[in-house]
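If you want the working numbering, it's the 1-based position in the sequence shown plus 1.
In what follows, a structure is listed as structure tokens, so that the remarks can point back to it.
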Amino acid sequence: MRAWADVAELTNTKNLNGGLVVRCTPGLSFVLEEGMEVALVPPVLDAPRFVTVEAVQPSGLDGGVVWFREIESVSIAEMVVGCHCLVSGDVLPQHTVMIDDALDVEGWPVSDMRAGSLGAVLCIREMPGQLMLVVERPDGSELLIPLVDEFLVQVDEEEGQLIVDLPSGLLDL
Numbered sequence: 002m003r004a005w006a007d008v009a010e011l012t013n014t015k016n017l018n019g020g021l022v023v024r025c026t027p028g029l030s031f032v033l034e035e036g037m038e039v040a041l042v043p044p045v046l047d048a049p050r051f052v053t054v055e056a057v058q059p060s061g062l063d064g065g066v067v068w069f070r071e072i073e074s075v076s077i078a079e080m081v082v083g084c085h086c087l088v089s090g091d092v093l094p095q096h097t098v099m100i101d102d103a104l105d106v107e108g109w110p111v112s113d114m115r116a117g118s119l120g121a122v123l124c125i126r127e128m129p130g131q132l133m134l135v136v137e138r139p140d141g142s143e144l145l146i147p148l149v150d151e152f153l154v155q156v157d158e159e160e161g162q163l164i165v166d167l168p169s170g171l172l173d174l
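Shown next, in the form of structure tokens:
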């Protein structure tokens, strides 16, 4: 796990009290929690660089509204719109599995918990809203797997393989 993980982007202000709309990083579900320390990058002049989550209101799996203790007004919130939220890898929930940006998984075998071997990774494709793992099946066809916590079970760097747990029916698409 990285020292810092980019977990969300601040996309808009929500109210006059400094609430901010957040969109999760593609491939990662909503992980911001009350009390979590967050670094805002890039730093903004006259705005706090490190903030603490005061309250959260998740909206689906890919975002929500967050209030930070140090952002008390809409004027300060407007300054940080566009910033990314970084959190220490040590405080991420234990179920969170991420593929490090620097990790080259091309060619790695992919196995499903029930179906067994699925093929090898061709690439990670950025689609609108999320990242997709492109897997070349043994018959030459391509399988697209959303890179979300719910599907990605293990990233085994030592063995160079990915283990997924796909919902029934996904392999039939």
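Virtual Cβ for every residue (Gly too), placed ideally from N, Cα, C.
Only a predicted model underlies this, so the values are computations on that prediction, with no experimental measurement involved.
{"Query": "Distance, Cα to Cα, M56 vs V165?", "Result": "Before going on, a small fix: residue 56 reads as Ala here, not Met. When rounded, the distance between both Cα atoms is 32 Å."}
{"Query": "Is it a yes or a no for the region 57-66 touching the region 77-89, going by three-plus beta-carbon pairs under 8 Å?", "Result": "no"}
{"Query": "Does T116 pass the burial test, meaning 16 or more other C-beta atoms within 10 Å, or should it be called exposed?", "Result": "For the sequence presented, residue 116 should be read as Ala rather than Thr. The residue in question, A116, is exposed, as its Cβ has fewer than 16 Cβ neighbours within 10 Å."}
{"Query": "Compare the beta carbon distance of V132 and W5 with 8 Å and say whether it is the shorter of the two.", "Result": "As written in the sequence, residue 132 is Leu, which differs from the Val given in the question. Not a contact, by the Cβ cut-off of 8 Å."}
{"Query": "With H, G and I counted as helix, E and B as strand and the rest as coil, what does DSSP make of L153?", "Result": "strand"}
{"Query": "Roughly how many angstroms lie between the CA atoms of L195 and G141, to the nearest whole one?", "Result": "An answer regarding residue 195 cannot be provided, because it is not within the stretch 2 to 174 covered by the chain."}
{"Query": "Can you give me the C-alpha to C-alpha distance between D157 and L163, rounded to a whole angstrom?", "Result": "6 Å"}
{"Query": "Using DSSP bridges, identify the partner residues of G64.", "Result": "R24"}
{"Query": "Thinking V52 and F69 are a contact (beta carbons under 8 Å), I'd like their distance in whole angstroms, please.", "Result": "4 Å"}
{"Query": "Taking V81 as part of the alpha helix (DSSP H), name the residues at either end of that continuous run.", "Result": "75-81"}
{"Query": "Count the other C-beta atoms from every protein chain shown that fall within 10 angstroms of the C-beta of M114, then say buried if there are 16 or more, exposed otherwise.", "Result": "exposed"}
{"Query": "Count the other CB atoms, across all protein chains shown, that sit within 10 Å of the CB of C84; report buried if there are 16 or more and exposed otherwise.", "Result": "buried"}
{"Query": "If we call anything under 8 Å between Cβ atoms a contact, is V136 one with A121?", "Result": "yes"}
{"Query": "How big is the Cα-Cα spacing for G65 and E159?", "Result": "36 Å"}
{"Query": "Out of G20, G61, T14, V92, which has the shortest C-alpha to C-alpha gap to E38?", "Result": "V92"}
{"Query": "Three-state secondary structure (DSSP) at V135?", "Result": "strand"}
{"Query": "In chain order, what residues of the same chain lie with their CB nearer than 6 Å to the CB of E71, ignoring the 5 residues before and after it?", "Result": "P49, V52"}
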